[in-house]
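Working notes for the structure below.
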Amino acid sequence: MAILTGSCRFGLWYVHVAWQDDLIYRARFAREGIPGPVPGEILRYCAGRSSDLASLRSVATEGDTTFARIYRAVREIPCGETATYGDIALAVGTAPRAVGSAMARNPTPLVIPCHRVVAKTGIGGFSPDVAIKEALLDMERRGKVCGASEGRD
DNA sequence: CCAGGCTTGGAGG
DNA sequence: CCTCCAAGCCTGG
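Residue numbers for the first sequence follow numbering that gives the first Met the number 0, beginning at 0 and rising by one.
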């Protein structure tokens, strides 16, 4: 079966996803949408409904490179919570700056919740727009999207 | 090899 | 409180 591509809306943005079953190859935020399906969990998450992004896998966590280890550590941050670049660096055994680089190049945002990694003093950065990060964190803090899709509400 | 990145902590005004 | 500066780590060109 071939890799699927599609997008779904998130506020003023669209999330483009390249995937196959529960494995995500690529995700990115863009101004325009493209036709095609996205995984149900991502669809529900973007709609602000109960979902479980942790059930999805990312190609970014494969291998034993420093970046892969960073992505695995980031993936363990619970929905609704945050960790600093320094926290992740300490856990992985690298420097905060390296964590920042890894987040900036995260090939699968959402699946690798780089939006939950904040600076020690502030929210930190997020491309293409830090407003997306704020929206995601705000949404998670309200608990609506956290947890398996048990529907309800 | 070198620039640059979603950092951080310390020095100094 | 704010600006400036260097240490430190990794990846892509």
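Cβ atoms here follow ideal geometry from the backbone N, Cα and C, with glycine treated the same way. Bear in mind that the values here come from a model prediction, so they are computed numbers and not experimental data.
Query: Count the other CB atoms, across all protein chains shown, that sit within 10 Å of the CB of Ser-49; report buried if there are 16 or more and exposed otherwise.; Result: buried
Query: Count the other CB atoms, across all protein chains shown, that sit within 10 Å of the CB of Ser-57; report buried if there are 16 or more and exposed otherwise.; Result: buried
Query: Output the residue ranges of the alpha helix (DSSP H) runs that lie fully inside the segment 64-121 and measure 4 residues or longer, sorted by chain position.; Result: 65-74, 84-91 and 95-103
Query: In terms of DSSP beta bridges, what is Ala-26 paired with?; Result: Val-16
Query: Alpha helix (DSSP H) containing Arg-43: first to last residue?; Result: 39-45
Query: Are the Cβ atoms of Pro-112 and Ile-76 separated by less than 9 Å?; Result: yes
Query: Contact check, Ala-59 vs Tyr-70 under 8 Å by CB: the rounded distance?; Result: 5 Å
Query: State yes or no: is the C-beta of Ser-6 within less than 9 Å of the C-beta of Ile-33?; Result: yes
Query: Rank Glu-40, Arg-140, Val-144 and Gly-124 by C-alpha distance to the C-alpha of Ala-103 and give the top, closest one.; Result: Gly-124
Query: Starting from Leu-3, trace the beta strand (DSSP E) both ways and give me its first and last residue.; Result: 3-9
Query: Output needed for Cys-78: all residues of its chain with C-beta closer than 6 Å, excluding positions within five of it in sequence on either side, in chain order.; Result: Glu-139 and Cys-145
Query: Within the continuous alpha helix (DSSP H) that includes Arg-140, where are the two ends?; Result: 129-140
Query: Whose C-beta lies closer than 6 Å to the C-beta of Phe-66 among residues of the same chain, with five residues either side of it excluded?; Result: Ala-101
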